[in-house]
Every structure is written in C-alpha cells, then in structure tokens.
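I have placed the structure first, in the form of structure tokens, so that the comments after it can refer back to it.
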Amino acid sequence: MAGLAATEPPGPRAASRSPALGAARSGGERRTDGAQETQLRSVDLNHVIALLKDSGSKDLEKEQLKSLKKVVKHFENGLPLKDVVQITEILNLCAKKMCEQEAFTEPLCELIKLFGLPFQKKKSSDEVNYSVEVSQSIAQLGYLMGVPSSQVKIQICKSIVSFYNMELPGKLLSGGLKKLLLLQPFQNSINRRASKSGFTLRTRLKCCYQPTNPNYKTQLAEVGGLAEILVLSLALVENQLTEKLWVLKALQHLSTSAISCGQMVRAQAATRLCLCLNGADPSGQLVLRSSDILWNLLEKASKEEVVNQLRSLECVRALKEVFVDLICGFRHCDQQLRNDLLVIATLLAEKPEVPMIESGFAEILIVLATCTEVKLPNPLVKGFKLTYSYEDFEMKKLLFNLIGILSKDPSAGQLLRENHVMPALLYYVKQNRKPGFPDWSAAQYEELQLHAIAVLASVAPVLVDKYLSCQANTLLLVFLEWCTGQDPFFGQGNSFHGRGGRGNKLPQMRYSLRALRSVVALYDDAVNINLCDQGAISQLLDILKYAAEKCKEKEDTILLEIQADILFILSVLCESDVHRKELFSCEGIGILIPFFKMDPRKLCSGLGYSCLLLSALDCLWSCVVGCYIAEDSFIEKRGIFLLLDLLALKEKNLCNIILGILVELSDNHETALYMNIWRGKRDQTAANLLIQLWRQEEMDLGVKRDKYGKIADTKRPIATSFQKQQKVIPVPATCPSFAIMEISESIRAKIYSLFCKLGFENLPGLSAKDLVTLAIIQRYIDFKIGEVWSEISAEIKEEFRPVTSDEKALKLISKVSEDTGSMVVALQTEVLAREHHQEIQEEKKSYKKIQATSIQRELTNKSWENFLARTSNYEALKKAKRLQHTLIEASKCEANIQNGPYHSTDIPKLHVTYSNFIDDLRVYVRGGTGGMGYPNLGGEGGRGGDVWFVARERTTLKSIREKYPQKRFVAGAGANSSVKALKGEKGKDREVHVPLGISVLDDDGKQIGELNAAGERFLAARGGLGGSLATNFLPCKGQRRTVHLDLKLIADVGLVGFPNAGKSSLLSKISHAKPEIANYAFTTIQPELGKIMYADYKQISVADLPGLIEGAHANKGMGHKFLKHVERTKQLLLVVDISGFQLSMKTQFRTAFETILLLTKELELYKEELVTKPALLAINKMDLPCAKDNLDELMTQLENPQDFFHLLEEEMIPENTLEFREVIPISTYTGEGIEELKTCLRKSIDEQAEQVNEEYRKKKLLLLQTSKEEQMNRS
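Per the numbering used here: the sequence shown = residues 456 to 1730.
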C-alpha cells in the first residue's frame, strides 16, 4: 500500500538492500510488488470521471468498464480518505449509466463494496480534515437506494452492515506493508544493516497508509443522516421481501446509536416499522428485526414521540395481529417477542387516545390475562396453553399491569366487567398454604399474588358492583387476618411489589389495605356498611396496633404506609356515624395517642412520618370529633396537650388541621381548661403560641403592620396583599367574595374562634407585643364585617348610583369600621407606653443594684482589711482564745447536787448507728409454680404462692442481706390436682420483712410500690395459675422479676449542709447519736440517725446526711444517693459555716450567704418540692473571730436576698428562695445556742403537726357537710 498515492514516487526499499530480507522474500514477490505499484500509479480518477461523462460508441463503453475495473482493482485494499469524494462522483455517474445500460450494474456494486472496506488515512489529521466530505459521501449511499436494482440495494445494505463489523483482515494489507509489519520484531537488526542507506523500517512505515478509527464510519453515518434516508427508502422495497429484510438489518445496526434513532423517529420510523410487522415472511425475520428496531427506538429516542407515531388504528391493529399469531408460539424466541410486543402495548395503553378498545386489542389482552383463573372457554385465545415458563411468568405480570392501566379508562369498565376481571384478581386473595404450587414456584406465585392485589386496588373502584357481588370485602378481611397471624410463612421479598417482605407478610398486608382504601375512598355507603357489618373497625384497629408494635422494633417505610392507609380507612368509615365513633373510641384513642407523641425530628426523615402524622390527625377529626364519649376520652388522655405540642412546631401543613380540630373540640368545656394549663418550651402558654401563629400568618399574607406590630391602615386593618390587588368584580349573591374566601383559606379565623373560648382577658405569659396583636385579634370579626361592607359598597358603586340615604348609610358603616381601627390603634399605643414606662422602672432598679454592688464591694474590702488586721496580731489571737475558754467554763455546771435523785438519760435502743449503711438492695423474686391439673376428671391444680414485701420496724436492708446472702425469694408451688382433692391447695406465700420508707423499683427504675407504715404489704411476684381446661391442664409458672428496694430515711428533721459545716457535731450535741467527727471534709460518708429527747419525753428524730457539693443535683459526688433521704423528712435544718466554705484550693470560696443560696439551688434542681418544706437555719461556728460581724452582714442579706442576687453568678441563683422559720446562731464547740435550737425545732414540729390536724379536720367536716346535703336532696 506504499504506492496508493499516484502522485508520490516510491521510496527506496531498505529491505532489498538487506541480507535479512533477501532470505525472506523471493524475486517473484519483488516483481509482483513492483508491477502492482506501477499499475496503481497509472490510475487517474479525474480521467475516469471525464471518461464516464462522455457517451458514444461501443468502444467507449468498453473503455469505461475497463477503467472502472481498474479503479476497483486499484482500491481493493481500502479507500484513502482524500479519494472518497471522487469515488462518490464515479458512483453517481455509474448509477446514471446503469439506468440505460445494465452492463454497469456489476461495476457499480463493486464500487459500493469499496465503502464496506476500511477507509485509509495517511495522517491522523485526515479524519478531521475530510469528515464533512466523507459524511456526505456515506449519505449518498442511502440516496442510491433509489436505483432500480435489487442487486445494488442489497449491496448498499451489506456495505452499511460492514460498518459495524470492522475487523482488519490480512488480505487488506498490501504485500510490502504486510511483510514490513511481520518483520517489525526484527526492527533493530534490520535498521543496523540499513543505516548506511539512511532509510530504516520506521521510515518505510511512515510513508504507508493506515486504517481509520473503527468507529469513524459509524460516527460520520450519524452526521450524514444515513438512518433517516434508509427509513424513507423502506417505501421503495415495500413489496420486495429480500430487499426489505436487508434494509431492516442495516437499520438494526444503525438503531444502536441514540443519534441515529432520533433521525429515524423524524422520518416516522415507528409507524413504517409497525406496518411492516404483519408482512408475509415465512422465516419470521421481518417481525424480529422490526420489533428489535422499535425496541431500540423506545430506549434511545424520545419515548413520547415513538408512542405518538404508533397510536393510529392501523398500527394498533398491526400489533394486535402479530401478537395473536405469536400467542400460540412454542419457541423461546416467539415468547420473548410476544412479551416485547406486550411492553409496547403497555406503553400505548397509557395514552387514553390510543384506540386499544376500538381495535379489539384490549379485549384480547384482558381475556388472555384472566383465562387461566376463570377457566371459561373463549374463542379469542383458542389454542393458547400456559407452559409456566419464565417467559409466561413475565407475560402474566405484563397482562396484570395492562389491566391496571386499562382500568383508568372509563370506557374500559364494561369490557373489564364482561371478561370476569374481578373474580380473576380475587383468585389470588387467599392464604398461601403450600410452599409452592404445582404450576408456579413459591416465589413466582407470591409475586403474581402481590401483583394481582396491587391491580385490584385500581380495578375495584371501577367495578364496585362486581366487587360487592364477589364478596371482596370478606375475602380481603380474611386475608388480612391471615397476614397478622402466626402461620409459618416465609415471604421471598425479591420482587418490586414484595420489597421489605422477606420472611414476613407485610407486602400482602400492604396491598390488601391499599385495595380496601381504594374502594372506601369512593364514600359508597354500600361498601362502608358491608365492611362495618363484618367488624372491620375492630379488625383494622388490631392491625394498626400490630403495625405500630412492629414499627417500634424496626422503622420501615412499608409499615408507615400500612398505618397511614388504616388510619384513612377508619376516617372514612367513622366520619358520619356516631355509633362507629363510639366503637372506635373503645380502643382507637389509646392507639391514636402515640402518633401525636412522635419525635419531631422524624418528620424530616423522608420515610413517611409526615404523611402518617397527617393521616392520624385526619383520623382524629373524623373518628373522635363530634362524639362526646370519644372527645372526653381523648381529652382525659391529655390529647389537647399533644396537639398543642405539635402546633408549637409551627409546621405549615400541620397548623391548619390542628387548629381546626381544636376549634371543633373547644365546644367541650374541658378543652379551654387544658389549653390554659398547657406550657411549652420556655414556659410558653397556649395564648402566646396562638398569637405567634397569627403574626406569622399575617407576615405570609402580606398584611401591613408597623415596626411595633400596630395597625398601619385603619381603613383595611386585616386586608391581605392579595385582597388589595384585586379589582372590583361584581359577583352573584351566592358567590363568596374575596373577604369571605380568605376566612376559609387562612388560619386567622380559627385562632379567633379559639380566643373566643379562652377569653381575651387575664391571659398568662403575654408580652406587650403579644397584647398589641391580641387587640387586633379581639376585633377580627368587626374588621371582617367592615371588609365585607367595603366590597358591597364598591360593587354597588361599580354598577349603580346609590340614592342619598343608601350612600349615607354606606359612609356611616365605613366610618364605624375605621373608628374601630383607630380605637384599636389607641389601645395598642397605650400598651406600648405602659411597657416603655416599665422598662424605665426596671432600668432604675438595675442602677440601684449597681450602686448596692459598689457599696457591698467596699464593705467587703473593709471587712477583709479588718480580718487581716485581727488575725495578724498575735496578742489579739491569744486574747480571743482565753475568752473562748472562759465561755466554755462558764457553761459548765458549777456543783453537783449532793444526795439528789439520779435520773439516767440513756434510753435503751434509742441510739441507732448505721455502720456499713445500705440504702439500696437488688433482690430476685419469683411466684410459685401452679399445680398440675387432672385432665380425666377436670381437676384444677392449686395456684402458686405469692411473694410479699411487709414493712416492719427495727428492720434494715443490711440485716436482709446478711440473712439472705443469695437475695432470692421464691414462693411455694401449688398442689397438684388429684382424685382426693380435685382443687389443689394454693402454694405457701413468702413474706419478706423490709424497713419503713422502702420504695420498690423495677429494673428500669420505675417505682411500682411504696411501704411507709408498719404492716403495709406489697405484692412483689404473683403465683402462677394451676393447670385447668384453659391451660390444657398444664401449670403456669409464677411471675419472676428482679426489683430494687430503695430506702429513704423517714425523719422529722434532716440536716443539710456542705462538708465540714458541723452537722455531725450538732447531731452529737442535740441527741445521743455518736457520729464520727473530725476537722476535715466528708467526715460523714453515710446517713446517721439520732433522736432529741425532751423533758416531757417528746422525741424528734434527726437525720444527719453526708455533705453535699456543687452539682449534687446531677449526681455529682453521689448526690442522688444522699439527696433522696431528704425527700422523707418533714422539715429541713440547714447548717452553715459563718466563715464560709471552700472545698479545696482548686474550688472557689463561698460566703455564708452564697452557701445558703447554693444549697437552695441544689435542692431545687433535684426536686422543686423540697424547697417548699418548712426550713430552719443554724449558723454554726459562732465562736470564731469576726463571727458577729459576719452574722450582721448575713442577716442583712437574708432580709432582702433579691437585692444581692446581682453579686452572684446566674447559675447560683435559685428560682425560689427558702423561707426560714427561725435563724439560730450556734456554736457546737462552746454549746452556744444549742438549747435555743432544740426549742425552735420542737416549736416548728408542733406547729406543722397542728396544721396537718387542722387540714384533716376541715376535710372531714367538708365531707360530712356534703353527705348531709346529698341526704337532704334525696329526701
């Protein structure tokens, strides 16, 4: 091929000068190559073109034919790109000659064959440089299809097909190039021997032509539009089967490209190919190739356009005829082709304008889909037999899908009714008892079953009469009962409809409920009554409960859809029937409530929680609202609180329906009460929430307000931007105006209705801004009336000229509305002025606090300087020490009474010391097993014994642990039934004695019992039932569980304070208790109990609790373990070190005042109720220097603690401060104030007891009066 270009001289042949090449090549070969190059160089294409343009004698014709053969011989190894244009011109001249002289047919075919050979390029850039000319030349091949010669047409198609089979065979290489490529492995040795001549093997290769890219021709065929030309040429071969098959074969290859498919669609290829389907062809290739091209067009071109081309009646009939011929085909290819045509028919059926029914195609498809289930002979499918192969399985699914699509066409209803579609689909609504059926495999049957039930949801609303006559409701309810049963069934879950159903029946449940939903949505009384008569409401509630429990185990979209469908069905069934609502309220409200407790974050998860919540709200509206029994039950379960919690989310799609429900429920007097009690985040009230929603709605509607929220336009105070943009359009009296329509579309009317129930006065939690908005809400109905009159006035003036009296009346009405707006503005201004005045007063208070802070700092600095001065003077310290000793000696008794009576103050067993104190014990309890029954005589076994906890004094958890180290308590088993005693005796109960103040908790920390008084009992574990007929005479095991016995000390007074405050010293001074006392923090590490004895033998129990630290409420430093004992004490005694407290060098120093506030804060954060207990304050260590000055300062701070809060950190300030009944300064070291403290404790305890007795007396008196009134009323 080195000599393809005639104008280029042959290069020197390196191989002829190489000894290596001499052995490989013979002289004959060298002569052949040389002759070939000489011959190729002698072809002049311009000369050939000029020769073909001439016409004349026979000799000229021979010369022309000879030159054409020479051209074919010249390019037998491929066409260079630069010569393609000239070859195309030669082709066109030959085509013209052939019309006159048949002798040119064979040369023309040979020239066309050249286009099937690889194009040759000399440089890589040739492909781009010649792309336009080559694409036009390839397109010209398509135009040559008009030549009246079958041979030429077939050869054109063969050449086009060869575009897609571009392999480089050995014969396409010229002799010289082929040998050079074969010798390429010996390149190094050849180059060394040929280097003297300066011409290497690489140089020789560069001078040769190379094949173009394999995809080059196909790409240029797309550019030239060859596919569109070939489609148009189908009309030329309409009655020529062989030529038509070749054209279709070429189009098959071209249709693998999306660009070519687009060109074919422009030429109406779908219509042309569809009409080719039913042509006579014994081989069947016509149908195969046409359908293959149609399939490629649907996949790669515009599906919409292809379907539009196939929607004519002729095309649908052609598809029908081909499909009918293929129905009885037994070959695998026939079945595949049948299914391909079904897919095309499905796409056509989705278009209502396609004449599927008129052509009779729809009837054939419906009969074919139902014939195997109905088993009625039909001539339309005569000879069809289902082979249960995979292709038949796919066909069955496609036919079911077609039925679902056809059901959307109203005109197909009669066709579906006549061909027994409903019984055929209901055939699959039954439980799958066997692992597989004799015809279909288990997986295939399951998929068909799900597909059929899914189609039933589309067909049932169209064939309601058939649906009822076939008892479809009954079948579906029975099928749903099987879905929730425990039958062993393992779903495959490997299909579109079966997703999420591996090993369960959820898909069957899902599509059965969808079918029920589709018919219920028609609101047909016959369907709904039929369902309710069969107990559908109770069954659906059971299924809803089942699905909700499953959803807790694993979140799944299918389960959420199932719940939403059930809620919708219940909404429709109960909407207009009070008796059904009452039936729903028995169980439904308890099931419905958890939906409103949904985590708000789930609404944005995308799984379907938002839809589920909307369905639950719709169910609430339909099944509860309007029935007093249901409403009361919902309100009692705090449903109003849950609705307000959801409303506080301010979700736009939820607010409207929730407000509507609240308006309907507001007729119940309990609703307003619950709304007033509700508190949201940051203590938000219902009134505040409604006002916020009002403001947001006005902002969305574009209502004008000024920066303070006041009315900006007194003439139209509540008009939206949409209303203001509307022109005056007179409407009939029956047509609502824009002002009226706004009421139904906006939530403002609902908010106004709720405020009418709540009231507009004394609403808690409202700011000045809220009050400004509330003033507008209060006059909403007046403003709305003014809007309506304004519209009426504008309409009257648009069409008529009102008389003077009417005009005056309209002006007066308009003025009244405007005056109302002005009055509201004045009220709003007054509210804002009041708020401004309050802000000024608060600023003044803040300024005073700042001044007090400054003064306090000065006093603190001065106190610190005095303290340093005193403690730095050694003589002053010695003097204070001597004074301390003097006071101690003075407090001692001066002389013993001689020969006087001796009274011992030691009371036996008064001193209670808790060494290794235990306040929590985990034990295992198990009720006794029941006795065996006696089946022959119907005897019942005895019930197992119970385990009881019994409260008893002088018992501790430590003694229980020591006595029962295994901590297991098991009751006795019941006696077996026998001939002598048919009723077995009950097993022996097990009683466990526990101390007073025990709380019984389960493993989750939930309190299940409490024992506070001696003799109280708690059933810890119930015994099992004996064997009886109900249990098949087998005994039941007793209840078993692990419980915690949590002890909370019961004492009259609890000592509370920080470590090292002197609590243990105080307890030892006022009682006989002997707690450990030392000069370091955390001396007391377990609660201690002591009793104060008075002269009249009155006893007061005092509990010394271990010291608290900051953060005890969060269980820091075992805070919960100690704080829980404070709960059972009647009163609190705070013990505070007058000199302040500092736990360690790393912690901050706290003054006595800060210590009191911190203790109050810890108690409040642990439990707010603790702050309400009666409290006393003992200020300890008054024997220290500067104690008196510190006490004076502390008393000043305690008188008005709020004035000193600004000195503290915000987290230290409690919400409510303790109110101390007495403040007693004491010193446990010197004994100062101890007797006074004991007296104060006695007084406080007695007052509290008297108060309790008085309340009890009043309560009894009230009950007595009430009973007397009832007796009088009865008489």
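Using N, Cα and C, we set each Cβ at its ideal position, and we do this for glycine too.
This one's a predicted model, so the numbers in the text were calculated from it and none came from an experiment.
Quick check: is the beta carbon of residue i nearer than 8 Å to any beta carbon in chain B?
i, result
"Val702", "Although the question refers to chain B, the structure presented lacks it and comprises just one protein chain."
Using the rule of at least 16 other Cβ atoms within 10 Å of the residue's Cβ for burial, across every protein chain shown, is residue i buried or exposed?
i, result
"Met850", "buried"
"Glu1766", "Any question about residue 1766 goes unanswered here, given that the chain covers just 456 to 1730."
"Phe848", "buried"
"Arg1729", "exposed"
"Ser1260", "exposed"
"His906", "buried"
"Trp1319", "exposed"
"Ser1070", "buried"
"Asp1138", "exposed"
"Tyr1621", "buried"
"Ser814", "buried"
"Ile1547", "buried"
"His1340", "exposed"
Alpha carbon to alpha carbon, what distance is there between residue j and residue i?
i, j, result
"Gly1427", "Glu1446", "11 Å"
"Gln1180", "Thr1169", "18 Å"
"Val1498", "Leu1466", "14 Å"
"Cys1082", "Lys1165", "41 Å"
"Glu1250", "Trp1244", "10 Å"
"Thr1126", "Glu1200", "24 Å"
"Asn983", "Thr1175", "43 Å"
"Ala1194", "Val1227", "23 Å"
"Gly1493", "Pro1390", "21 Å"
"Cys716", "Gln764", "14 Å"
"Thr667", "Ile611", "20 Å"
"Asp1647", "His1292", "37 Å"
"Asp499", "Ser580", "24 Å"
"Cys1641", "Leu1282", "58 Å"
"Leu627", "Phe530", "Here Leu627 scores only 43 on pLDDT, less than 50, and its place in the model should not be relied on; the value that follows carries that caveat. Rounded to whole angstroms, Leu627 to Phe530 spans 10 Å at the Cα level."
"Thr1410", "Leu1451", "8 Å"
"Leu923", "Ser913", "15 Å"
"Asn1321", "Pro1669", "31 Å"
"Cys1006", "Leu1014", "6 Å"
"Pro603", "Phe816", "39 Å"
"Gly1214", "Ser1208", "10 Å"
"Tyr1235", "Ala1204", "8 Å"
"Thr1615", "Leu1625", "9 Å"
"Gln899", "Val771", "31 Å"
"Pro572", "Cys783", "Note on residue identity: the sequence assigns Leu, not Pro, to residue 572. Each residue's alpha carbon lies about 44 Å from the other."
Short of 7 Å in beta carbon distance, which residues of its chain neighbour residue i, apart from the five on each side in sequence? Order them along the chain.
i, result
"Leu995", "Ile1021, Ile1024, Leu1025"
"Lys508", "Leu548"
Opposite residue i in the DSSP bridges: which residues?
i, result
"Asp1375", "Asp1501"
"Arg1496", "Val1380"
"Lys1438", "Glu1395"
"Glu1298", "None, per the DSSP bridge assignment."
"Gln575", "Pro535, Pro666"
"Val1557", "Val1508, Gly1545"
Taking 7 Å as the cut-off, is the CB of residue i close to at least one heavy atom of the ligand COA?
i, result
"Arg1496", "Ligands in the displayed structure: none, and consequently the ligand COA is not present."
Output needed for residue i: all residues of its chain with C-beta closer than 6 Å, excluding positions within five of it in sequence on either side, in chain order.
i, result
"Leu1104", "Pro1055"
"Leu709", "Ala682, Ser715"
"Met1387", "Gly1396, Asn1431, Gly1482, Pro1490"
"Leu1102", "Ile1113"
Which same chain residues, not among the five before or five after residue i, have their C-beta less than 8 Å away from its C-beta?
i, result
"Glu1037", "Cys1082, Ile1084, Ala1085"
Which whole runs of the alpha helix (DSSP H) in the region 1031-1059 are 4 residues long or more, in chain order? 1033-1051
What beta strand (DSSP E) runs, 3 residues minimum, are completely inside the region 1404-1457? 1423-1425, 1445-1449, 1453-1456
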